[in-house]
Structures are given as C-alpha cells and as structure tokens.
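Chemist:
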Amino acid sequence: MAELTYREAVAAGIAQEMERDDCVVFLGEDVAAAGGVFKTTVGLLEKFGPKRVRDCPISEQAIIGAAMGAAMTGLRPIAEIMFSDFLAVCWDMVANEIAKTRYMTNGQIALPLVIRTANGGGSRFGAQHSQAVENWAMAVPGLKVVAPAFPADVKGLLAAAVRDPDPVLFFEQKSLYAMKGEVPDGEHVDKLGTAKVLRQGKDCTIVALALMVHRALGAAEILEKEHGISCTVVDVRSLVPLDTKTILGEVVKTGRLVTVEENPRLCGWGAEIASIVADECFWDLDGPIVRITTPHVPLPSADLLEDNTIPSVDRIVREIREKID
Amino acid sequence: MPQLGETVAEGTVTKWHKKVGDAIKADEALFDVETDKVSTEVPAPVAGVVAEILVQEGATAKVGTRLAVIREAGGQAARPAVSVAAPATAPTPSVAAATAGADARSRLSPVVSRLLAEHGLDARAIAGTGRDGRITREDVLAHVAQRGGAQSSAPAQSAVPAAASGAETAPLNTIRKRTAEHMAKSWATVPHVLQAVEADFSRVDAARRAGGEQWKQREGFALTYLPFIASAAAAALVKFPRLNSSFAGDHLVLHRRVNLGIAVDLNFEGLMVPVLKDAAGMALPRVARAVHDLASRARAGKLRPDDMTECTYTISNNGAFGTLLTAAIITPPQVAVLSTDAVRKRAVVIEGGQGDTVAVRPVGMLAQSFDHRAVDGAYSAAFLNEVKTMLETRDWQRELQG
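Next up, the structure:
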C-alpha cells in the first residue's frame, strides 16, 4: 500500500492503463505540458510522449470529437473535460453520438472511451465551475457514470472504466484532489457497478456519492457518539450501472433511507434511488425517505454562501436528527 | 384528554368539579375520568377561570381531545392548548404531546404494519418509543422478542431445542418455508370451522366403470374422482357465491369467476396449488384434462406463474392414502377449502317404503373448512349438501361423453 493523493491516483490510474495497453491515449486542455490545471496528470507526457499524451486547443467539441473518432478506429482514448460544467458545450456529441453509437450501428461500432472531468463544488469557483452534474449523465441512456470518493477507487475504477467496452463518464470531485488515502500497490482494477458499505449501523442507511461520502461519514460519527443514532453509510461509487442489490439490502436492514447528494435537488440521483427503494422495499421502510441535497439554485462563489448551499456535516446531522426518530 | 397509561386510547368524563365561570386553583380537582384501566381525578394544570367546557359528563373522548379551556386569572387570552394536564399517577408531558402521540401511534410505517400483521399483533398493545410515541420497527421486534414463543409462530422457531446428539437437521426448501409462513399466518388469523358430509359415489363410479377404460386409452391417464368433485363444487359455488369470495376486513369480495385451486403434492417435497380457471360451466372431460394437466405440470416443475394466480376456492385431495377426513387450512383471503378423502365401499342403510335395507355403496367424505368471519355454518352446510346432491344425482355417464 502506498499513500497517494486523489489527484496522484488519477495519474497513477492513467499510467497503469497506458503501460498495459498501447491503444490507450490521453487528451485534453493543458493536460500534457502543464500536467493538468488540477495537476492530476503530472509526468504522463514525460513518460509516454506527445503522441499518446496530447494538449488540445480550448475546444471541448474538438476534444470529444477526436476521442470519439479515435475510439471508433480502434484506440481507447481518455479525454479530459476540465470542468464538468463544460460538458454542456459538447453535450450533443456525448449524449446523442457517443452514447448512441453502439445502438445506432446495431453493435458494429463500440466506443471504448472514458471522459474524465473535475466535478462539484467546495472550491469557491462559482456557478459555472462548481456544479455537480452527475445526474445529467445518469439521465442519458448509453452512458456509464462513475464518481469515486477515495484515491484507491479513483485508480481502480478509472482502470475499470478504460477497460470497459462502452463510454464511461468519470466524475472526479475537484475538492477531493488533495485528499490522501492508501492505494494498493501494483496493478489495481476495481469493478464498475459496485457500491461499498463503509460503515454499518442499525438506525438508518445513508447513501452518498463522492465528496458527500466523506461528509456522510463525518455526520455518522457525530450521530453515533453524540446522539445515539447509528448509521450505515453506503458509497454508491457508480450511478450507472447502479448496485441496487447492496443499496436495497442495506436499507432493509435499518428500515430507513437517507440520500446525501451534491447535485441540485430536482431529479438528483437520490430521487431515482428513493423511487427504487419505494418500489422494491416499501414494506421494509420504517419511515419516510429523506433526501439531503444542494438546493435548486446556482452555486454562489462566496465561501460562506457556498458552504451553506452544499450539504455539510452539520446539516446532515441536523436533518437526520430531525427526521429520524 | 390525558394519556392514562400507555395502551389507553380514550376516556370518559364522569364528572366536572367546576362549571363555566368558576375560578380554579392550580392542582385543584377539575374533572373525573374513567378509562378501561383506571378511574381518576384530574387536577387543573394552571390557576384561572373555567372559560369553556367542551366535553360533557358521560361523553367519551380520544386521548388528546381538548376538554375545557381555562382562562388565566386576570389574563386576556384563553390558553386553549393547556386545557388539562395529566394526573400525577400517569404523567405525560403536555396535552399537545398527547395529541401528537395519538396521531403518531395511529400512523404506522410500512414495516410496522407488515410486522404487526405477520405476528398477529394489535398496535394498541405496543408502547411506542419513537417521536411523539410512534411505534417503530424496533418496538415491534422488541415486543415480539419479549412476548416469547408462546403466542407467536415466529419466535417459536427460536424455542426449538438444539438438535440432540444423533439427530439430523433437515433444512427447509423455499416451498416449505413459504408454506410454513402461510399456514401459520392463516391458522393464527382465520377462525376455521370444519364441516363434513358423506356422499354416495355410486353414480360417479358407474360412469367411471362404463367409460373409464376407454377414457384411459384415449386420454392416456386414469379418470379419478377429483374431476367429478371439482365439477360439482364449481357448479355449487355459483349458487353459494359467499364461499367463492375474498374476505376483506369489512366486506366480502364476491368473485364472478370460479377459479379452483387444486392442491398437488410434489411427492412429499412440498405442495403446489395450480388454479383451474373458470371451472363453472366447464364440461366434465375438459375439467378432467385440465386437472390432469395442472397436476402433471406441477410435479414436473413446469407451471407458469399465471397458473398459480387468481384462485377463489381450493380443493385438497387426500384420498390416495385412504384418509377418512382432513381438516384443511384455508388460504386467505379465500374463505374456504374443500377436502376430499378416500371413497370406500361401505355398508349403508337405505331407507325404503318397504322398510330399511343394507346395501354396499362407495362412500366418501367431503369436508369443508370455512372462515367463520365470512359465512356461518348453515350456509356452509347448505353448500356441502348441494355438492353431495350433485355427485349423487347428476348423469355423469352422459356428461363424461361430453
């Protein structure tokens, strides 16, 4: 085990896959010579050369179009969109072309590509550079959607995404880049579509994603120590495919579901999970499902305002205390 | 109305010690109340003047109901919420809490309703520890655990002693587990009554003797008593629709279709009940073929999900092993089940104009368990008599030819 930061785990994951397979290439804005604006891809240009690690012009459409063409013609590209907000600039290619190619060609053309992007808030970047948009991607049939919370998952799930035969959107939470964690030595490949139970409790099951996993764990600790409420915490990790088996199993054990979501409330991913839980384990529920989300507003850049908008440890503790008896 | 004990939902005001306009001191007796459990005097929570009395003597009110309003001495506004306080013997925090408590107790979460139903419990028997007295899942489970195995099927499992040395354990397969669950639930919740009549199968036997061999050659399986009984029962159910119904708490759902469940033993490996749909009016040969088809597919594990649904009445056939009488268990929400047992030759007294004679006749028991919530004994007996009469009088030989 080595201790890596979340950002180092990104580079480690890409490097592992580029070493393994010559078909894996990497492209994006300022990803090569500068090592990424978030320093997530430092050292890759030196290691793999300018043919496989490319800086692109400031055009999301150029990056995604090139990645799609490369995937169609036999490569396994990893494309970086600097801020997930900018997916909107190239969304036609992502949602209409990349997501639908396998279907439209009757399976003749698969697109084994990964779109990595820095997602979410907490870094005072304002309304156009801080959005958590994983629910956009979840809403498009044909895309797989992954959002890791820990360095080990960054490396393992990124490797799994590269090896997947279909397009995967890989959401890195930008406020987690400095976070450190143990990452297994040697080759590390995880499995898409698997959630992880990080903590077992008996009173309520908190389901969270990415940055919210850490806040849910912090809240669970306080709830247990100070308020005698013991919580299970499930890290969803992958929205599509979704590990409903683990989620339903953990909800049945406690009879209560709380989702903690960074995406804005309307049609957030937790709404889908709430719907599945209501459908499939209604008779095991011991109370209403609770969703804790960012409200349906543009994110402010001022620190105090942003902290009041995205679910915090305090807010999770407060809402669970209010709603779980 | 204060909460006088955890399981009390209402109380009757037996006497007001004050009338409207009277001054009252704090802790002075305000009224007397009587519940299932206690009669007690309730003191005033605050000093003031009795401004309103909302529930008259002799009236019964739910816990949390506002009974009176005391205006504080010299006060301007009425203090409606703090109308009464709990007596010292059974303290509750406030009337407001008791009101909320009554609501919280009557609103059960899905898992709590399910557990109450599974264990045959009444919510009123359980103390709620959740917010405002809500009954939580933990409360039900704790109640069940505390109550022990004596009254409940579920805890009974834990009361089974560990296997003695030399004994084997036989794990239950899925069918067994589900059967156990369903039977225990039916037995615990449905008041069963068993009734039986003897039927003379002479005419049925005559038809089987006359056409049985030919039938077997043509159809490839033997003609048993079951199709005759199913045919008669289906026709009788049309005349007795309350036995072809579902019990739904405060009403019966009378089914238009007669869908007969035919219990099939899977060679001692469990029991399946495939359903013969729309059996009423079906010709005897079709009934015979359909029953045979369902039973064969049940034993071969080839039933479709659709074959098991919409049953309105069940027939359980235990005659193959020579049984005399079987008290079958009803499958709720159905309200009855018919058991047919062995048909054996017996010496029967025939009453005739020239005196009684003894004859040898094939006789079998038709036994029905019925849900006494749904129907009474006379109705069930009339139905059984109808089935018996049909078996004894219909022209089965002609019906067999279709």
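Protein sequence lines, in the order shown, are assigned to chains D and E. Be aware that the first sequence starts at 2, since it is given in the working numbering, and climbs by one per residue. Be aware that the second sequence starts at 525, since it is given in the working numbering, and climbs by one per residue. Cβ atoms here follow ideal geometry from the backbone N, Cα and C, with glycine treated the same way. These figures come from a predicted structure and were not determined experimentally.
1) Output the residue ranges of the beta strand (DSSP E) runs that lie fully inside the segment 165 to 247 of chain D and measure 3 residues or longer, sorted by chain position.
2) Give the straight-line distance between the Cα atoms of L786 of chain E and Q858 of chain E, rounded to the nearest whole angstrom.
3) Specify the secondary structure class of E834 of chain E as computed by DSSP and reduced to three states.
4) Beta-carbon within less than 6 Å of R103 of chain D's beta-carbon, same chain only, minus the 5 sequence neighbours each way: which residues are those?
5) Roughly how many whole angstroms lie between the Cα atoms of I321 of chain D and G229 of chain D?
6) Assuming P751 of chain E and L808 of chain E form a contact by the criterion Cβ under 8 Å, report the distance between their Cβ atoms to the nearest whole angstrom.
7) Secondary structure at F49 of chain D, three-state DSSP: helix, strand or coil?
8) Are the segment 238 to 246 of chain D and the segment 195 to 205 of chain D touching, with three or more C-beta to C-beta distances below 8 Å?
9) Along chain D, which residues have their Cβ under 7 Å away from the Cβ of S633 of chain E?
10) By Cβ distance below 6 Å, which residues in the same chain neighbour K760 of chain E in space, the five residues on each side in sequence not counted?
11) Beta strand (DSSP E) containing N909 of chain E: first to last residue?
12) Out of D:L267, D:A209, D:S231, which one is the CA nearest neighbour of T247 of chain D?
13) Quick check: is the beta carbon of V636 of chain E nearer than 8 Å to any beta carbon in chain D?
14) Taking Cβ positions only, does Q527 of chain E come closer than 8 Å to chain D?
15) Please go through the same chain and pick out, in chain order, the residues whose beta-carbon is closer than 7 Å to the beta-carbon of I659 of chain E, but skip the five residues on each side of it.
16) I want to verify the contact list: residues of chain E whose CB lies under 8 Å from the CB of D315 of chain D, in sequence order.
17) Round the Cβ separation of I311 of chain D and E263 of chain D to the nearest angstrom and send it over; I've been treating them as touching at under 8 Å.
18) Does DSSP put G785 of chain E in a helix, a strand or coil?
19) Which residues, in chain order, does the segment 893 to 913 of chain E contribute to contact with chain D at a C-beta distance below 8 Å?
20) Going by DSSP, what residue range makes up the beta strand (DSSP E) through G888 of chain E?
21) Looking at chain E, is there any beta carbon in it that lies within less than 8 Å of the beta carbon of G256 of chain D?
22) Of the residues D:E135, D:A150, D:A140, D:G14, which one's Cα is nearest the Cα of F87 of chain D?
23) Is S124 of chain D helix, strand or coil by DSSP?
24) For the alpha helix (DSSP H) that contains W540 of chain E, what are its first and last residues?
25) Return the chain-ordered ranges of every beta strand (DSSP E) run that is complete within the segment 82 to 109 of chain D and spans a minimum of 3 residues.
26) For D551 of chain E, name the three-state secondary structure that DSSP assigns.
27) Name the one or two DSSP bridge partners that K586 of chain E has.
28) Under 7 Å: does the beta carbon of L800 of chain E sit that close to some heavy atom of the ligand ATP?
29) Since V573 of chain E sits in a beta bridge, which residues does DSSP pair it with?
30) Kindly indicate if chain D contains any beta-carbon less than 8 Å away from that of T936 of chain E.
31) In three-state terms, what does DSSP make of Q925 of chain E?
32) Which of the residues in the segment 642 to 660 of chain E, read from start to end, lie with their CB under 9 Å from any CB of chain D?
33) In angstroms, rounded to a whole number, what distance separates the CA positions of P645 of chain E and A669 of chain E?
34) Alpha carbon to alpha carbon, what distance is there between G773 of chain E and A150 of chain D?
35) Are at least three pairs of beta-carbons, each pair with one atom in the segment 132 to 147 of chain D and one in the segment 156 to 172 of chain D, less than 8 Å apart?
36) Which stretch, first to last residue, makes up the beta strand (DSSP E) that contains Q719 of chain E?
Modeler: With the structure as the only source:
1) 169 to 174, 181 to 184, 197 to 200, 205 to 209, 232 to 236, 239 to 241, all fully within the segment 165 to 247 of chain D.
2) As a first step, residue 786 of chain E is located in the second sequence; it is residue number 262 there, counting from the start. As a first step, residue 858 of chain E is located in the second sequence; it is residue number 334 there, counting from the start. It is Ile, not Leu, that sits at residue 786 of chain E in the sequence shown. Going from the Cα of I786 of chain E to the Cα of Q858 of chain E covers about 14 Å.
3) Residue numbering aside, residue 834 of chain E sits at position 310 when the second sequence is read from its first letter. Note: E834 of chain E maps to coil in three-state DSSP.
4) Taking the first sequence and counting its residues from 1, the one referred to as residue 103 of chain D is at position 102. A111, listed in sequence order.
5) Along the first sequence, read from residue 1 onward, the residue named residue 321 of chain D stands at position 320. Along the first sequence, read from residue 1 onward, the residue named residue 229 of chain D stands at position 228. Rounded to the nearest angstrom, the two C-alpha atoms are 12 Å apart.
6) Taking the first residue of the second sequence as position 1, residue 751 of chain E is located at position 227. Taking the first residue of the second sequence as position 1, residue 808 of chain E is located at position 284. Contact flag correct, Cβ pair sits at about 6 Å.
7) Taking the first sequence and counting its residues from 1, one reaches residue 49 of chain D at position 48. If DSSP states are grouped into helix, strand and coil, F49 of chain D belongs with the helices.
8) When Cβ pairs closer than 8 Å are counted between the two stretches, the segment 238 to 246 of chain D is seen to touch the segment 195 to 205 of chain D, the count reaching three or more.
9) By 1-based counting over the second sequence, the position of residue 633 of chain E is 109. Against chain D, a Cβ distance below 7 Å from S633 of chain E picks out L286, D287, G288.
10) Within the second sequence, residue 760 of chain E is the residue found at index 236, counting from 1. Note that residue 760 of chain E corresponds to Ala in the displayed sequence, not to Lys. Within the same chain, Cβ atoms closer than 6 Å to the Cβ of A760 of chain E are found at F907, E910, V911, the five residues on either side in sequence being excluded.
11) In the second sequence, residue 909 of chain E corresponds to position 385, counting from 1. Under the DSSP assignment, N909 of chain E falls outside any beta strand (DSSP E), being part of the alpha helix (DSSP H) whose first and last residues are 901 to 917.
12) Position 246 of the first sequence, counted from the first residue, corresponds to residue 247 of chain D. Of the candidates D:L267, D:A209, D:S231, D:A209 places its Cα closest to the Cα of T247 of chain D.
13) Position 112 of the second sequence, counting from 1, holds the residue named residue 636 of chain E. Output row for V636 of chain E: interface = yes.
14) Numbered from its first residue, the second sequence carries residue 527 of chain E at position 3. Not closer than 8 Å to any Cβ of chain D, the Cβ of Q527 of chain E fails to qualify, so no.
15) Position 135 of the second sequence, counted from the start, is the residue given in the question as residue 659 of chain E. Within its own chain, the residues whose Cβ lies closer than 7 Å to the Cβ of I659 of chain E, once the five positions on either side in sequence are excluded, are R629, L632, V636, A647, I650, G652, listed in chain order.
16) Here residue 315 of chain D refers to the residue found at position 314 of the first sequence. Listed along chain E is no residue with a C-beta nearer than 8 Å to that of D315 of chain D; the closest approach is about 21 Å.
17) Looking up residue 311 of chain D in the first sequence gives position 310. Looking up residue 263 of chain D in the first sequence gives position 262. Yes, I311 of chain D and E263 of chain D are in contact; Cβ-Cβ is about 6 Å, under 8 Å.
18) Here residue 785 of chain E corresponds to residue number 261 of the second sequence, with the count starting at 1. Note: G785 of chain E maps to strand in three-state DSSP.
19) For the segment 893 to 913 of chain E, which is checked against every Cβ of chain D, not one residue is closer than 8 Å.
20) Translated into positions along the second sequence, residue 888 of chain E becomes position 364. That run of the beta strand (DSSP E) goes 881 to 895.
21) Start at 1 with the first residue of the first sequence, and residue 256 of chain D comes out as number 255. For G256 of chain D, a Cβ of chain E is located within less than 8 Å of the residue's own Cβ.
22) If you number the first sequence from 1, residue 87 of chain D lands on position 86. For F87 of chain D, the nearest C-alpha among the options comes from D:E135.
23) Locating residue 124 of chain D in the first sequence gives position 123, counting from the first residue. DSSP places S124 of chain D in coil when its eight states are reduced to three.
24) Here the question's residue 540 of chain E lines up with position 16 in the second sequence. No alpha helix (DSSP H) holds W540 of chain E; the beta strand (DSSP E) holding it covers 534 to 540.
25) Counting only runs of 3+ residues, no beta strand (DSSP E) is found wholly inside the segment 82 to 109 of chain D.
26) Along the second sequence, read from residue 1 onward, the residue named residue 551 of chain E stands at position 27. Coil at D551 of chain E, not helix or strand.
27) Sequence index remark: in the second sequence, residue 586 of chain E carries index 62 (1-based). Answer is E:E534, bridged to K586 of chain E.
28) With respect to the ligand ATP, the structure offers nothing, as it holds no ligand at all.
29) Here residue 573 of chain E refers to the residue found at position 49 of the second sequence. DSSP lists E:A547, E:R595 as the bridge partner or partners of V573 of chain E.
30) With chain E running from 525 to 926 in the structure shown, residue 936 of chain E is simply not present.
31) On the second sequence, position 401 is the one that residue 925 of chain E refers to. It is coil, neither helix nor strand.
32) So the close ones are T653, G654, R655, D656, R658, T660.
33) Position 121 of the second sequence, counted from the first residue, corresponds to residue 645 of chain E. Position 145 of the second sequence, counted from the first residue, corresponds to residue 669 of chain E. It should be noted that the sequence gives Leu, not Pro, for residue 645 of chain E. Approximately 13 Å between the Cα atoms of the pair.
34) For the purposes of this step, residue 150 of chain D is taken as the residue at position 149 of the first sequence. For the purposes of this step, residue 773 of chain E is taken as the residue at position 249 of the second sequence. Cα to Cα, the separation comes out at about 51 Å.
35) Under the Cβ criterion (8 Å, minimum of three pairs), the segment 132 to 147 of chain D counts as touching the segment 156 to 172 of chain D.
36) Against the second sequence, residue 719 of chain E aligns to sequence position 195. Run containing Q719 of chain E: 716 to 724, per the beta strand (DSSP E) assignment.
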